[in-house]
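Undergrad: Every number in the working numbering is 23 more than the matching position in the sequence shown, counting from 1.
The structure is given below, and queries will be raised subsequently.
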Amino acid sequence: MNKKPDPEMIDDENPEWGDAEFASAKKFTEMPAEFQAVVRKVRGPQKSPTKQQVTLRLSPDVLEGFKGFGQGWQTLLDTALREWLQTHQKA
């Protein structure tokens, strides 16, 4: 089934790429350093993870309270638990 392109979505200044354009495209590593610097780098997998992934059930109010701090709430929770352990050692 050939679907006709939406005329409102056609951009004459930026036409769809064909085989020739893809064949002449450069790899990201071949692009100028200035261009590479503006592209956000995504962190890859850790070679030796320092933390362990777990499944944990929390009260809704506790979870929402920590999530309310925004990005980094899991690290904040980890820090809070670590501080609690320092003051509540097993006898």
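Backbone N, C-alpha and C fix where the C-beta goes; we use that ideal spot for every residue, glycine too.
Note that the coordinates shown come from a computational prediction; the quantities given were computed from them, not determined experimentally.
1. According to DSSP, is Glu36 helix, strand or coil?
2. Of the choices Leu86, Thr98, Met54, whose alpha-carbon is the least far from that of Thr73?
3. Leaving out the 5 sequence neighbours to the left and right, which residues in its chain are closer than 8 Å to Ile33 when beta-carbon positions are compared?
4. Roughly how many whole angstroms lie between the Cα atoms of Phe58 and Thr52?
TA: This is what the structure holds:
1. coil
2. Thr98
3. none
4. 10 Å
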